[in-house]
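Colleague: A single structure is presented below for examination.
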Amino acid sequence: MIGVSKNPGPSAWNDLLPERKALPSLEGNLTSDWLIVGAGFAGLSAAHRIQKEAPNDSIIILDAQGLASGPAGRNSGFMIDLPHDLASDDYGGQLQNDRKTINQNRYAISFAKEAVESLKLPKECFKEIGKINGAATSKGMRHNNDYAKHLSKLGEKHEKLDAHLMRNITGTNYYKGGLFTPGTVMIQPALYIRALGEKMLSNRVRLYESSPVEELHNVGSDWQAKTPNGLVTASKVILAVNGNIENFGYFNNSLLHIYTYGSITQRLTSEEIKILGGKKEWGITPADPLGTTVRRVCGVGGDRIVIRNRFTYEPNKDPKQSTIDNVFRSHVKSFSDRFPMLKDKKLEKTWGGHLTLSRNNVAAFGELKPGLFSACCQNGLGTVKGTLHGLAAADLAMGKETSLVKQLLNSPPPKKLPFKPLTKVVVSSRIKLGEFLARKEL
Ligand SMILES: Cc1cc2nc3c(=O)[nH]c(=O)nc-3n(C[C@H](O)[C@H](O)[C@H](O)COP(=O)(O)OP(=O)(O)OC[C@H]3O[C@@H](n4cnc5c(N)ncnc54)[C@H](O)[C@@H]3O)c2cc1C
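Residue numbering for the sequence shown is 3 to 444, as defined by my numbering.
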């Protein structure tokens, strides 16, 4: 039987939103042109693409959980256009690759923007406000300077911020400086996923929540997916389940199952908002990739601060409670170090979510068997990469050889991992060492 990864703690972004009536779970036998398994960024983007390009086709989307309860609704909401790391010394050969990645990321962001506009999704779910790479240490400042040089070579807009400007924006003295880039979109992930999933429904597009696919077989030229109370028969299936693709029997021993964790404060009072100062909304990624992501948000759930840090390797896709307790302590420290002026503010909710990496940083993408497609392994950047791979899987399955499809098909598959105990030791020690070296950026 096919299992589904666990995502510990509350789905906090979802909890900020008004309660909604859950969509039904699958009951009985249905037939459809398309079956999409997974209603995250990949699955919903694929569905929206097919709906537009093949409006007469019927589509069924199945998700094991409620909309936005999985990683798609649990992330920090940075839809980032630029590659994470431009700091290679041997930059010459990289320039073209970086340009390709930027174009791909922007393509995904422009799809999301078009979906927000055409489906009239709430404005709060998609804000084009850019992000800051925050540096709390001299090492972080050097990283930002290198990054800025590379952005100049690429002709990409950016602005260096000194400690004073960082304070004016964020209200904290914690950062020595920052690097603002305007192309990142900040989403309210649960609002985006909920709205995208609900607004595309029609008599041709149906979504069933709490409907885990337990078995998937081909029967003649069709595929049949069994859930606890139903069965879908479809001629084409897109698996948009990220790391859970292994549970379907594909890409075994090629994917790394990593968890990262978020916390959100209680609502800030108007007094606290005054004491903190700064702008009402901003997003900071850390100069060290193993550091802390911080966001200030306002909107339907009130004014709050969201932080994200720590990674753990979880091959069983089910972190222990002791891990969450440990992460919570780390979040409390990261928050109080940055915001000593908000000393009475508690972290109201802490949660974790599953993300999937491959050793060679590629997607698990393509046609696995006739009529069965994969849009998985987003390498931790699923708001953009999940969208991109979902769109490309839909194009591939519709027989459209777009340049994106060709680029993805030309990439190598995820590299096999060494045997399990060695992988565990290597990955866990790399994370520990990286977090130790990140120090004040954490
Ligand atoms: C705390 C945190 C912060 C993050 N921050 C960012 C960020 O700022 N920017 C960014 O780009 N990324 C971020 N990420 C990563 C991002 O959330 C993921 O990469 C993204 O959600 C992957 O999208 P996806 O659609 O491929 O898969 P998912 O979002 O994992 O969706 C897959 C869906 O498939 C469903 N599924 C699985 N198995 C089955 C089955 N057998 N039957 C039916 N349904 C099934 C699951 O229930 C799930 O809803 C963060 C993640 C976490 C946890």
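The beta-carbon is built from N, C-alpha and C at its ideal position, and this holds for glycine as well.
Measure the beta-carbon distance from residue 352 to residue 330 and round it to whole angstroms, keeping in mind my assumption that it falls under 8 Å.
Modeller: Going by Cβ atoms, the distance from residue 352 to residue 330 rounds to 5 Å, so yes, they are a contact pair.
Colleague: Enumerate in chain order the residues of its own chain whose CB-to-CB distance from residue 75 is below 8 Å, with the five nearest sequence positions on each side excluded.
Modeller: Correct list, in chain order: 13, 15, 16, 69, 191, 192, 195 and 196.
Colleague: Counting C-beta neighbours from all protein chains within 10 Å, is the total for residue 83 16 or more, i.e. buried, or is it exposed?
Modeller: Flag for residue 83 reads buried.
Colleague: Let me check understanding here. Comparing Cα to Cα, which of 80, 361, 212 and 403 lies closest to residue 369?
Modeller: Closest by alpha carbon: 403.
Colleague: Along the alpha helix (DSSP H) that carries residue 31, what are the first and last residues, could you check?
Modeller: Counting along the chain, residue 31 falls outside any alpha helix (DSSP H), though it belongs to the beta strand (DSSP E) covering 30-39.
Colleague: Sorry if obvious, but does the Cβ on residue 226 come closer than 6 Å to a heavy atom of ligand 1?
Modeller: Flag unset: Cβ of residue 226 not near ligand 1.
Colleague: Does residue 77 pass the burial test, meaning 16 or more other C-beta atoms within 10 Å, or should it be called exposed?
Modeller: Per the 10 Å Cβ criterion, buried.
Colleague: So the candidates are 131, 85, 211 and 60; which of them puts its Cα closest to the Cα of residue 22?
Modeller: The shortest Cα separation from residue 22 among 131, 85, 211 and 60 belongs to 211.
Colleague: Runs of 4 residues minimum, wholly inside the segment 156-211: which ones carry the alpha helix (DSSP H) assignment?
Modeller: As far as the segment 156-211 is concerned, its whole alpha helix (DSSP H) runs of at least 4 residues are 165-172 and 191-201.
Colleague: For a quick check, are the C-beta atoms of residue 36 and residue 238 less than 7 Å apart?
Modeller: A contact, by the Cβ cut-off of 7 Å.
Colleague: Quick one: what does DSSP say residue 127 is sitting in, helix, strand or coil?
Modeller: Reduced to three states, the DSSP call for residue 127 is helix.
Colleague: Please give the ranges of any alpha helix (DSSP H) in the segment 39-70, keeping only runs that are unbroken, at least 4 residues long and fully inside the region.
Modeller: You should have 43-55.
Colleague: Pick out whichever of 340, 207, 287 and 299 has its Cα sitting closest to the Cα of residue 270.
Modeller: Comparing Cα positions, the closest option is 299.
Colleague: Kindly identify the DSSP beta-bridge partner or partners of residue 224.
Modeller: According to DSSP, which records beta bridges pairwise, residue 224 is partnered with 221.
Colleague: May I have the straight-line CA-CA distance separating residue 265 from residue 305, to the nearest angstrom?
Modeller: Roughly 14 Å separates the two Cα atoms.
Colleague: Residue 135 lies in the beta strand (DSSP E); which residues open and close that run?
Modeller: Residue 135 -> beta strand (DSSP E) spans 133-137.
Colleague: Does chain B have any CB closer than 7 Å to the CB of residue 207?
Modeller: Going by chain labels, chain B is absent from the structure shown, which holds only one protein chain.
Colleague: Distance, Cα to Cα, residue 248 vs residue 430?
Modeller: One C-alpha to the other measures close to 21 Å.
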